[in-house]
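Asker:
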Amino acid sequence: MKSLFFILCSLIAVPFVSFGQIEMESERDNDGIVTLYAINRTSIPHTVLINFSQLQNMTTPGGGDVTALASPGRSRVATLKPTLSGQGTNYRYSYSYVRGNLFAKSKTKPLYLIPVEAGQEVVATQMNPLADRLTDGEKTGSYVGVSFSFSNPTMIVAPRKGIVSDMKMDYEGNKENLSFNRAENFIELYHEDGTFTKISVLKAGTSRVKEGDLVFPGDILAQSGGENYSSGPHVRMINLRPIKTDTNKLSMEAFPVTFVGENGEVAFNQPEKFQVAHPQAVVTAEMSKKELKAFQEGK
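Those letters in the sequence shown? Residues -20 to -1, 1 to 279, by mature numbering (1 follows the signal peptide of the UniProt record, and there is no 0).
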């Protein structure tokens, strides 16, 4: 999963740059105003940071670098206007991008189901920071997610409403007594507040979803894996969000989320065994009126 990208380009005379998941193109009108567009060929928004190294007789509305949202498709991300009419203009910039929406916010506190079939007994454990490897080298800090262990393989479900944004389900592991494997199968969900949930250690070929699918809390994603691990059958869940660092760069960070069980919020300060429950209030929390009606009629 490639979440962060950087490219340097000079657009003195080149109106289109294509590389990676986000492409940039420009248009100049008769008044000399230049509009920069991002072409996003994925199914989820990306955040784009445009750094101008040269602005000759041109200004941006913010007076400098621009951070903008590149929605799926073609989005306007920056406008350059001549400072003085009748004089030459020039510009040069680099851009980087990260998956997700840096500007999105939750209307209410997001709640997450335990991503395991209801009724199962699980042991929840906060993972060791060494599991930074779970995020393909992204810097996650001290929090790196939660591991859910169980006695026998079980079905893994969506913990929250989201779009399937990335997945890999074709790895057939043959090594035994593992503690970690970067090649593990995973399914990732993108949420409306610009964040992601990544669930890994899944059994190859068992996915019930495909990229672009909309899922709701409790919907089955795949079957668990991990039988060849020293810890036995389990799945690992980590949540990521886009951020802008103090050095004005885009990155991803892991963050803890609030899980809910039968008796309300659940904290995993130490390994704890309990039975999974999926309260209907959490299942329906982020549904639109149309989605809620369909859910109630389908019960």
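Using N, Cα and C, we set each Cβ at its ideal position, and we do this for glycine too. As the structure is a computational prediction, the values presented were derived from the model and not from experiment.
Check the C-beta distance from Pro25 over to Ala50 and give it rounded, since I have them as a contact under 8 Å.
Answerer: Within the sequence shown, residue 25 is the residue found at index 45, counting from 1. Within the sequence shown, residue 50 is the residue found at index 70, counting from 1. The Cβ separation is near 7 Å, so the contact holds.
Asker: What's the gap between the Cα of Met107 and the Cα of Thr47?
Answerer: Taking the first residue of the sequence shown as 1, we reach residue 107 at position 127. Taking the first residue of the sequence shown as 1, we reach residue 47 at position 67. Spanning the two alpha carbons is a distance of roughly 33 Å.
Asker: How long is the line joining the alpha carbons of Lys148 and Glu164, rounded to whole angstroms?
Answerer: Residue mapping note: residue 148 aligns to position 168 of the sequence shown, counting from 1. Residue mapping note: residue 164 aligns to position 184 of the sequence shown, counting from 1. Taking the straight line joining both Cα atoms gives about 8 Å.
Asker: When you compare the stretch 235 to 243 with the stretch 187 to 195, are there three or more beta-carbon pairs, one atom per stretch, that lie closer than 8 Å?
Answerer: no
Asker: Would a C-beta distance cut-off of 8 Å place Ala104 and Phe128 closer than the cut-off?
Answerer: On the sequence shown, position 124 is the one that residue 104 refers to. On the sequence shown, position 148 is the one that residue 128 refers to. Yes. Within cutoff.
Asker: Identify the continuous beta strand (DSSP E) that holds Leu182 and give its terminal residues.
Answerer: To locate residue 182, count along the sequence shown from 1; it is residue 202. Here the beta strand (DSSP E) through Leu182 covers 176 to 182.
Asker: Does Gln260 come out as helix, strand or coil in the three-state DSSP assignment?
Answerer: To locate residue 260, count along the sequence shown from 1; it is residue 280. In this structure, Gln260 counts as helix in the three-state DSSP scheme.
Asker: When you compare the CB positions of Met267 and Phe196, do they come within less than 8 Å of one another, or not?
Answerer: Against the sequence shown, residue 267 aligns to sequence position 287. Against the sequence shown, residue 196 aligns to sequence position 216. Taking 8 Å as the Cβ cut-off, Met267 and Phe196 qualify as a contacting pair.
Asker: What does Gln106 pair with, by DSSP beta-bridge criteria?
Answerer: As a first step, residue 106 is located in the sequence shown; it is residue number 126 there, counting from the start. Answer is Val126, bridged to Gln106.
Asker: Can you find a heavy atom of the ligand ZN that lies under 7 Å from the Cβ of His26?
Answerer: In the structure on display, the ligand ZN does not appear, and there are no ligands present to speak of.
Asker: Can you tell me which of the three DSSP states Glu233 falls into?
Answerer: Reading the sequence shown from its first residue, position 253 is the one you call residue 233. Correct three-state label for Glu233: strand.
Asker: Is Ala58 buried or exposed, if buried means 16 or more other CB atoms sit within 10 Å of its CB?
Answerer: Looking up residue 58 in the sequence shown gives position 78. By the 10 Å Cβ count, Ala58 comes out buried.
Asker: Please classify Lys178: is it buried, with 16 or more other beta-carbons within 10 angstroms of its beta-carbon, or exposed?
Answerer: Position 198 of the sequence shown, counted from the first residue, corresponds to residue 178. The residue is buried, with at least 16 neighbouring Cβ atoms inside 10 Å.
Asker: Roughly how many angstroms lie between the CA atoms of Gln260 and Ala247, to the nearest whole one?
Answerer: Within the sequence shown, residue 260 is the residue found at index 280, counting from 1. Within the sequence shown, residue 247 is the residue found at index 267, counting from 1. The alpha-carbon atoms of Gln260 and Ala247 are separated by roughly 20 Å.
Asker: Which two residues bound the contiguous beta strand (DSSP E) that contains Gly142?
Answerer: On the sequence shown, position 162 is the one that residue 142 refers to. DSSP places Gly142 in the uninterrupted beta strand (DSSP E) bounded by 142 to 148.
Asker: Excluding the 5 residues flanking Leu114 on each side, which residues of the same chain have their C-beta closer than 7 Å to its C-beta?
Answerer: The sequence position of residue 114 within the sequence shown is 134, counting from 1. Because Leu114 sits at a pLDDT of 45, beneath the cut-off of 50, its placement in the model cannot be relied upon, and the following sentence gives the value as read from the coordinates. Only Val124, Gly125, Ser180, Arg216, Ile218 meet the Cβ criterion.
Asker: Out of Leu16, Gly(-1), Gln1, which has the shortest C-alpha to C-alpha gap to Glu7?
Answerer: Position 27 of the sequence shown, counted from the first residue, corresponds to residue 7. With distances taken between Cα atoms, Glu7 lies closest to Leu16.
Asker: Judging by CA-CA distance, which residue of Gly43, Phe32, Asn81 is the nearest neighbour of Arg72?
Answerer: Here residue 72 is taken as the residue at index 92 of the sequence shown, counted from 1. It is Phe32 whose Cα lies nearest to the Cα of Arg72.
Asker: Tell me which residue opens and which closes the beta strand (DSSP E) that Glu5 is part of.
Answerer: Along the sequence shown, read from residue 1 onward, the residue named residue 5 stands at position 25. Where Glu5 is concerned, the enclosing beta strand (DSSP E) stretches over 2 to 8.
Asker: Of the residues Gln36, Lys85, Val256, Asn228, which one's Cα is nearest the Cα of Glu172?
Answerer: Residue 172 sits at position 192 when you count from the first residue of the sequence shown. Ranking the options by Cα distance to Glu172, first place goes to Lys85.
Asker: Please state whether DSSP places Ala274 in a helix, a strand or coil.
Answerer: For the purposes of this step, residue 274 is taken as the residue at position 294 of the sequence shown. Note: Ala274 maps to helix in three-state DSSP.
Asker: With a threshold of 7 Å on Cβ separation, who are the neighbours of Thr63 within its own chain once the five nearest residues in sequence on each side are excluded?
Answerer: Here residue 63 is taken as the residue at index 83 of the sequence shown, counted from 1. Around Thr63: Asn37, Met38, Thr39.
Asker: Using a Cβ-Cβ cutoff of less than 7 Å, which residues in the same chain neighbour Leu194 once the five nearest sequence positions on both sides are dropped?
Answerer: Residue mapping note: residue 194 aligns to position 214 of the sequence shown, counting from 1. Counting only Cβ-Cβ distances below 7 Å, and skipping sequence neighbours, we find Ile143.
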